[in-house]
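Going letter by letter, the sequence shown gives residues 1 to 214 in UniProt numbering.
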Amino acid sequence: MKSTIDNTVAFVKEKLEGAEAGHDWFHIERVWKLAAQIAETEDCDIEVVELSALLHDIADPKFHDGDETIAPKIARAFLEEQNVSEETIQKVLFVIENISFKNRDQAPVNPPIELQVVQDADRIDAIGAIGIARTFNFGGFKNNLMYHPDIKPQLGMSKEEYKKSNGTTINHFYEKLLLLKDMMNTEKGKKMAEERHNYMLNFLDQFYKEWNVD
C-alpha cells in the first residue's frame, strides 16, 4: 500500500511536468533529500518536513503572476484527499507560506523547526554549482542579460521590488545568493552552505577574469 509520501511524490512529479528546469521535480527532489538530512540533526516532525519539502514549490508565485494563494490551495486540497490531519495540514501550509526569500522581512518570530529545516534545504539548493546552474537557467528563461558592467545590483529591495526585478543574472548573486549563507537556521544547514558559498565566490572571480579580456 502506497504511503502519503509516495502519493505526494507522484502528485508533484505530475504537477510539475514541463516546469522551468530550476523549479521542476528535480529541484523538489533535491530539497526533499536535503531536508531529510538536516532533519536528522533536529527534533522535528519528519512528516511535516517531508510533505512541506515536496509541496513547497507546487505553484511558485513567480510563474503565476505573483499569486501566493495558489500553492496553499493546491496543497490543502491534495492533503485533504490524502486524509492528512488538519493539524499537519496547517503546519505544512505555514511552511509553504513562509519559506520564500522575498518574504524574509515578514518572517515569523520563533519559526517552527520544520520551517527552519525546509527553508535551509531550499536555500542550499539555490547556491553552489546547482545554484549557479539554476540561476543562469532562470535568467535565460526570462531573457535577462548575463552581466552588464554598468548595471549595478539593487541591494535591500522590498518584496515588491524583488518580485518585479529583471536585473542581470550576475547581479542576482549579490541580491540574493551570496546572502543565503548567513541566513541559515540550523547548524547542519550552516555547514552545508559554507562550501557552496565559497564555490560561488570562486566562480564569480573566474567569470570576471574571462569577461574582462584584454
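Backbone N, C-alpha and C fix where the C-beta goes; we use that ideal spot for every residue, glycine too. As the structure is a computational prediction, the values presented were derived from the model and not from experiment.
For Asp120, the closest alpha carbon among the candidates Glu80, Ala71, Met192, Glu29 is that of Met192. Beyond the five residues adjoining it in sequence on each side, Phe141 comes within less than 7 Å, by CB distance, of Glu20 in the same chain, given in chain order. Counting along the chain, Gly189 sits inside the alpha helix (DSSP H) bounded by residues 187-211. Counting along the chain, Ser100 sits inside no alpha helix (DSSP H), nor does DSSP assign it H or E at all.
With three or more CB-CB distances shorter than 8 Å, the stretch 184-191 counts as touching the stretch 109-126.
Ile151 and Ile70 have their C-alpha atoms roughly 34 Å apart.
The alpha-carbon separation between Ile58 and Ile74 amounts to approximately 8 Å. With fewer than 16 other Cβ atoms inside 10 Å of its own Cβ, Met146 counts as exposed.
The stretch 91-108 makes no contact with the stretch 22-41; the number of CB pairs closer than 8 Å stays below 3. Secondary structure note for Arg123: its alpha helix (DSSP H) is the uninterrupted segment 113-124. Relative to the Cα of Pro112, the nearest Cα in the group Phe138, Ala10, Cys44 belongs to Cys44.
For Asp122, the number of other beta carbons within 10 angstroms of its own is at least 16, and it is reported as buried. A Cβ-Cβ separation of about 6 Å places Leu54 in contact with Val9 under the 8 Å criterion. One Cα belongs to Val92, the other to Val48, and the distance between them is close to 6 Å. For Lys152, there is no enclosing alpha helix (DSSP H), since its DSSP letter is neither H nor E. Contact check for His56 against Ile5 fails: the beta carbons are separated by 7 Å or more.
Sequence-distant Cβ neighbours of Phe203 in its own chain, meaning closer than 7 Å and more than five residues away, are Ile132.
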